[in-house]
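**Student:** Order-wise, the sequence lines are chains A and B. For the first sequence, the working numbering begins at 1 and goes up steadily by one. For the second sequence, the working numbering begins at 198 and goes up steadily by one. Handing you this structure, nothing more for now.
2 protein chains.
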Amino acid sequence: MARPSQSAQRRKQLLPVIARTFAELGYRRATTAELAQRCKVRENILYRLWPDKKAMFVAAIEYVYQLSADIWQRILSEGDGKAGAALRLLQYEAEHYGESGLHPIIFAGLSDTDEPEIHEALEKMYGRFHRFIRRQIAVHRGDKGKRSSPDAELCAWAIVGLGNVANISRELGLLTDRRRKRLFADVGSLLLDGQSR
Amino acid sequence: MARPSQSAQRRKQLLPVIARTFAELGYRRATTAELAQRCKVRENILYRLWPDKKAMFVAAIEYVYQLSADIWQRILSEGDGKAGAALRLLQYEAEHYGESGLHPIIFAGLSDTDEPEIHEALEKMYGRFHRFIRRQIAVHRGDKGKRSSPDAELCAWAIVGLGNVANISRELGLLTDRRRKRLFADVGSLLLDGQSR
DNA sequence: CTATTTCGTAAGTACCCACTTACAGTATGG
DNA sequence: CCATACTGTAAGTGGGTACTTACGAAATAG
Numbered sequence: 001m002a003r004p005s006q007s008a009q010r011r012k013q014l015l016p017v018i019a020r021t022f023a024e025l026g027y028r029r030a031t032t033a034e035l036a037q038r039c040k041v042r043e044n045i046l047y048r049l050w051p052d053k054k055a056m057f058v059a060a061i062e063y064v065y066q067l068s069a070d071i072w073q074r075i076l077s078e079g080d081g082k083a084g085a086a087l088r089l090l091q092y093e094a095e096h097y098g099e100s101g102l103h104p105i106i107f108a109g110l111s112d113t114d115e116p117e118i119h120e121a122l123e124k125m126y127g128r129f130h131r132f133i134r135r136q137i138a139v140h141r142g143d144k145g146k147r148s149s150p151d152a153e154l155c156a157w158a159i160v161g162l163g164n165v166a167n168i169s170r171e172l173g174l175l176t177d178r179r180r181k182r183l184f185a186d187v188g189s190l191l192l193d194g195q196s197r
Numbered sequence: 198m199a200r201p202s203q204s205a206q207r208r209k210q211l212l213p214v215i216a217r218t219f220a221e222l223g224y225r226r227a228t229t230a231e232l233a234q235r236c237k238v239r240e241n242i243l244y245r246l247w248p249d250k251k252a253m254f255v256a257a258i259e260y261v262y263q264l265s266a267d268i269w270q271r272i273l274s275e276g277d278g279k280a281g282a283a284l285r286l287l288q289y290e291a292e293h294y295g296e297s298g299l300h301p302i303i304f305a306g307l308s309d310t311d312e313p314e315i316h317e318a319l320e321k322m323y324g325r326f327h328r329f330i331r332r333q334i335a336v337h338r339g340d341k342g343k344r345s346s347p348d349a350e351l352c353a354w355a356i357v358g359l360g361n362v363a364n365i366s367r368e369l370g371l372l373t374d375r376r377r378k379r380l381f382a383d384v385g386s387l388l389l390d391g392q393s394r
């Protein structure tokens with residue numbers, strides 16, 4: 001045998017560029033030619049690392065999720081006690097949401113394709129984000145949360161929705177940065193608590 | 198002169214089909230061939246009614262907005278007094294949101310294109326939806342709304358976000374119909390009132 | 001009737017895109 | 001050292017897609 005493969009390493013190296021390209025251009029407009037150019041390689045090299053364009057996209061989604069998940073995990077562990085973890089996360093997102101420029105990838109595959117693999121990957125990602133947020137809400141509400149309304153699951157979906165409008169409003173220039181921060185902070189904490197009856 | 202043009206009438210006739218096709222397939226996947234087939238005409242007929250595909254899409258967006266706006270206007274006028282108008286709208290959307298199958302058109306042009314015309318049309322549509330919702334919130338809150346938090350503008354964006362997750366969760370099968378209804382009803386009314394301090 | 005314009009059918013064009021193939025260079029294990 | 005795999009370069013291919021052209025038929029104003 002000869003020359004050990006560096007494919008895994010190379011994939012890791014290129015993934016950030018790929019993800020950003022998909023996030024910026026969407027699935028269709030991110031042509032393989034464009035992806036290759038931004039990666040500073042030829043197209044067939046990409047095809048040696050992934051079987052097809054779909055796979056590159058799925059990998060990019062995975063990468064974006066991991067990035068967020070790692071940051072959130074860090075914020076959780078930074079807290080002294082467990083108190084206020086949800087609020088800290090909210091505040092972090094209010095301050096930094098969209099900074100990476102990678103989040104629009106969430107929309108990229110939605111109407112752009114009907115590939116089941118992409119469908120599944122998006123479904124998984126939404127599900128994981130939602131479960132994470134939901135758990136934080138539950139912890140935040142504690143015992144008295146049992147009488148809160150709406151329940152944690154719905155409020156978590158609403159917070160996901162907050163992220164979506166944040167993305168869209170950024171793309172279309174509908175909200176200033178200051179207002180977007182307040183959207184996360186104010187509406188976010190309202191959703192966190194719900195309304196106890 | 199001879200044979201008066203029926204273009205305007207024909208456009209009106211085809212627009213629902215065009216809008217539905219864009220909503221189902223997104224901008225790119227809704228090819229001119231597919232659009233023509235669903236309209237049961239040849240492609241060049243579409244090109245006699247609109248200058249290009251962009252224009253068809255913009256017209257479709259306009260059409261979808263008008264459809265919603267008309268329904269909302271009807272619901273507003275159906276009310277005896279002005280009381281509870283916002284709640285009636287919310288309840289209607291909880292019950293019927295997504296029925297038309299046309300709402301996903303909102304996402305279709307977001308990552309699919311960078312055409313400024315489409316960008317503008319979407320921006321306008323989001324702006325009009327938001328302004329409408331915002332006004333309803335303000336009316337609903339009345340005078341005491343002045344001390345409500347978060348303010349009506351942000352809550353209106355959050356409700357727009359609710360619509361977005363409703364769309365996405367429908368497309369990805371993340372929420373049952375029952376839960377989606379509760380999402381609108383429960384979280385919606387929470388956002389309507391805000392939290393007075 | 002007839003000139004003019006619209007309407008429908010069919011074919012075509014130029015371009016783009018995902019993906020492939022062919023081949024030369026290079027590093028590593030035996 | 002050399003056979004074997006990996007890595008990079010360059011060109012190509014088949015299919016699709018937005019948009020066009022050509023032309024005959026139908027309809028209406030004068």
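For each residue, glycine too, the CB sits at the ideal point set by N, CA and C.
By the 10 Å Cβ neighbour count, where 16 or more other Cβ atoms means buried, how is residue 169 of chain A classified, buried or exposed?
**Tutor:** With 16 or more other Cβ atoms within 10 Å, it is buried.
**Student:** State the CB to CB distance for the pair residue 19 of chain A and residue 64 of chain A, rounded to an integer number of angstroms; the pair is presumed to be in contact (CB under 8 Å).
**Tutor:** Their Cβ separation, rounded to whole angstroms, is 6 Å, which keeps residue 19 of chain A and residue 64 of chain A in contact under 8 Å.
**Student:** Let me confirm a value: residue 209 of chain B is counted as buried when at least 16 other C-beta atoms fall within 10 Å, else exposed. Which label applies?
**Tutor:** Exposed, by the Cβ-count rule.
**Student:** Quick one: complete alpha helix (DSSP H) runs, 4+ long, within the segment 231-280 of chain B?
**Tutor:** Segments of the alpha helix (DSSP H) lying fully in the segment 231-280 of chain B: 240-246, 250-275.
**Student:** Quick check on this structure: which residue in B:230, B:269, B:281, B:256 has the alpha carbon closest to the alpha carbon of residue 336 of chain B?
**Tutor:** Closest by alpha carbon: B:281.
**Student:** Helix, strand or coil: which one does DSSP assign to residue 195 of chain A?
**Tutor:** Looking at residue 195 of chain A - three-state DSSP - the assignment turns out to be strand.
**Student:** At 8 Å on the CB atoms, spell out the chain A contacts of residue 236 of chain B, in chain order.
**Tutor:** What residue 236 of chain B touches in chain A: nothing, since even the nearest Cβ is about 20 Å away.
**Student:** Note down, in chain order, every chain A residue with its Cβ under 8 Å from the Cβ of residue 299 of chain B.
**Tutor:** Residues of chain A passing the Cβ test: none, with the nearest at roughly 13 Å.
**Student:** State the DSSP-derived secondary structure class of residue 346 of chain B, mapped to helix, strand or coil.
**Tutor:** Residue 346 of chain B: strand per DSSP, three-state reduction.
**Student:** Between the alpha carbons of residue 178 of chain A and residue 157 of chain A, how many angstroms are there, rounded?
**Tutor:** Roughly 23 Å separates the two Cα atoms.
**Student:** List, in chain order, every chain B residue whose beta-carbon is nearer than 7 Å to that of residue 195 of chain A.
**Tutor:** Those are 387, listed as they occur along chain B.
**Student:** Check whether the Cβ of residue 163 of chain A lies closer than 9 Å to any Cβ atom in chain B.
**Tutor:** So yes, residue 163 of chain A belongs to the interface.
**Student:** Against residue 225 of chain B, what residues of chain A qualify as contacts under a CB-to-CB distance less than 7 Å, listed in chain order?
**Tutor:** Correct list: 28, 112.
**Student:** Less than 9 Å between CB atoms is the rule here; does residue 275 of chain B satisfy it with respect to chain A?
**Tutor:** Residue 275 of chain B does not count as touching chain A.
**Student:** Work out the CA separation of residue 247 of chain B and residue 253 of chain B for me, nearest whole Å.
**Tutor:** Each residue's alpha carbon lies about 6 Å from the other.
**Student:** State whether the segment 97-105 of chain A contacts the segment 64-73 of chain A, with contact taken as three or more CB pairs (one from each stretch) at a distance under 8 Å.
**Tutor:** Yes, since at least three Cβ pairs between the segment 97-105 of chain A and the segment 64-73 of chain A fall closer than 8 Å, the two stretches touch.
**Student:** Taking a contact to mean a Cβ-Cβ separation below 9 Å, would you say residue 153 of chain A touches residue 134 of chain A in this structure?
**Tutor:** Contact flag set, yes.
**Student:** Using a Cβ-Cβ cut-off of 9 Å, state whether residue 336 of chain B counts as contacting chain A.
**Tutor:** By this cut-off, residue 336 of chain B is not an interface position.
**Student:** Would residue 221 of chain B pass as a contact of residue 229 of chain B if the rule is Cβ separation under 9 Å?
**Tutor:** For residue 221 of chain B and residue 229 of chain B, no; Cβs fall outside 9 Å.
**Student:** Assuming the contact rule is C-beta atoms closer than 8 Å, residue 94 of chain A and residue 185 of chain A should be a hit. Round their C-beta distance to whole Å, please.
**Tutor:** 5 Å between Cβ atoms; contact.
**Student:** Under 8 Å from any heavy atom of the ligand ADP, does the C-beta of residue 92 of chain A make it?
**Tutor:** Looking at this structure, you won't find the ligand ADP or any other ligand, since it has none at all.
**Student:** For residue 182 of chain A, would you say it is in contact with chain B, using Cβ-to-Cβ distances shorter than 9 Å as the test?
**Tutor:** Cβ-Cβ to chain B under 9 Å: yes for residue 182 of chain A.
**Student:** Can you check which of these residues, B:370, B:358, B:235, is closest to residue 388 of chain B by C-alpha distance?
**Tutor:** Closest by alpha carbon: B:358.
**Student:** Residue 383 of chain B CB to nearest chain A CB: under 9 Å?
**Tutor:** So yes, residue 383 of chain B belongs to the interface.
**Student:** Which residues in the same chain as residue 26 of chain A place their Cβ atom closer than 7 Å to its Cβ, once the five residues preceding and following it in sequence are excluded?
**Tutor:** Within the same chain, residue 26 of chain A has close Cβ partners 108, 112.
**Student:** Measure the C-alpha to C-alpha separation of residue 370 of chain B and residue 385 of chain B and round it to an integer number of angstroms.
**Tutor:** Roughly 21 Å between the two C-alpha positions.
**Student:** Should residue 200 of chain A be flagged as near chain B, meaning a C-beta pair shorter than 9 Å?
**Tutor:** Summary: the structure shown does not reach residue 200 of chain A, with chain A confined to residues 1 through 197, and so no result is reported for it.
**Student:** Where do the ends of the alpha helix (DSSP H) carrying residue 320 of chain B lie?
**Tutor:** That run of the alpha helix (DSSP H) goes 313-338.
**Student:** Apart from the five residues just before and just after residue 146 of chain A, which ones in its own chain have a Cβ nearer than 8 Å to its Cβ?
**Tutor:** Same-chain partners within the cutoff: there are none.
**Student:** Between the beta-carbon of residue 89 of chain A and the beta-carbon of residue 75 of chain A, is there less than 9 Å?
**Tutor:** Taking 9 Å as the Cβ cut-off, residue 89 of chain A and residue 75 of chain A qualify as a contacting pair.
**Student:** Look up residue 375 of chain B in the DSSP assignment and say whether it is helix, strand or coil.
**Tutor:** In the structure shown, residue 375 of chain B sits in a helix (DSSP, three-state: H, G or I).
**Student:** Run through DSSP, which three-state label would residue 102 of chain A get?
**Tutor:** In this structure, residue 102 of chain A counts as coil in the three-state DSSP scheme.
**Student:** Looking only at its own chain, which residues have a Cβ that is under 7 Å from the Cβ of residue 53 of chain A, when we skip the five neighbours before and after it?
**Tutor:** Excluding sequence neighbours, residue 53 of chain A sits near 32.
**Student:** By a C-beta neighbour count over all protein chains shown, 10 Å radius and 16 as the cutoff for buried, is residue 7 of chain A buried or exposed?
**Tutor:** So residue 7 of chain A counts as exposed.
**Student:** Hey, does residue 142 of chain A have any beta-carbon neighbour from chain B nearer than 9 Å?
**Tutor:** Chain B contact via Cβ: absent.
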